[in-house]
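Written out below as structure tokens is the structure these notes cover.
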């Protein structure tokens, strides 16, 4: 079973950093990880950029609701 990484939405106004970029997300996916990315209007990268490389978009704040084991970023 692949390790799942979960990128949380940015929650601070004017916060434009991101723990993952679309290119690092693609590298992680290519290495066999599963990557969930919370939709985020604040993040410097558009949600569609993560979706384009194969990440799964999930609702903002969903890291609290998921029951499966995963690494939260």
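In the numbering used here, the protein residues as written are 434 to 506. Virtual Cβ for every residue (Gly too), placed ideally from N, Cα, C. Please read these numbers as outputs of a predicted model, since none were measured by experiment.
Subject >> Presumed contact (8 Å Cβ cut-off) between residue 484 and residue 490, rounded CB distance >> reply: Within the chain shown, residue 484 is the residue found at index 51, counting from 1. Within the chain shown, residue 490 is the residue found at index 57, counting from 1. Residue 484 to residue 490, Cβ: 5 Å. Contact.
**OP:** For my contact list, residue 471 and residue 442 are in at a C-beta cut-off of 8 Å; report their separation, rounded to the angstrom.
**Re:** Here residue 471 refers to the residue found at position 38 when the chain shown is read from its first residue. Here residue 442 refers to the residue found at position 9 when the chain shown is read from its first residue. So it is a contact: roughly 4 Å between Cβ atoms.
Subject >> N-terminal and C-terminal residue of the alpha helix (DSSP H) that residue 457 is part of >> reply: As a first step, residue 457 is located in the chain shown; it is residue number 24 there, counting from the start. Counting along the chain, the alpha helix (DSSP H) containing residue 457 begins and ends at 455–463.
Subject >> Distance, residue 475 Cα to residue 494 Cα >> reply: Along the chain shown, read from residue 1 onward, the residue named residue 494 stands at position 61. Along the chain shown, read from residue 1 onward, the residue named residue 475 stands at position 42. Those two C-alpha atoms are separated by around 13 Å.
Subject >> Given residue 448 as reference, the closest of 498, 504, 478, 465 once Cα atoms are compared >> reply: Indexing the chain shown from 1 puts residue 448 at position 15. Considering only 498, 504, 478, 465, the residue with the shortest C-alpha distance to residue 448 is 478.
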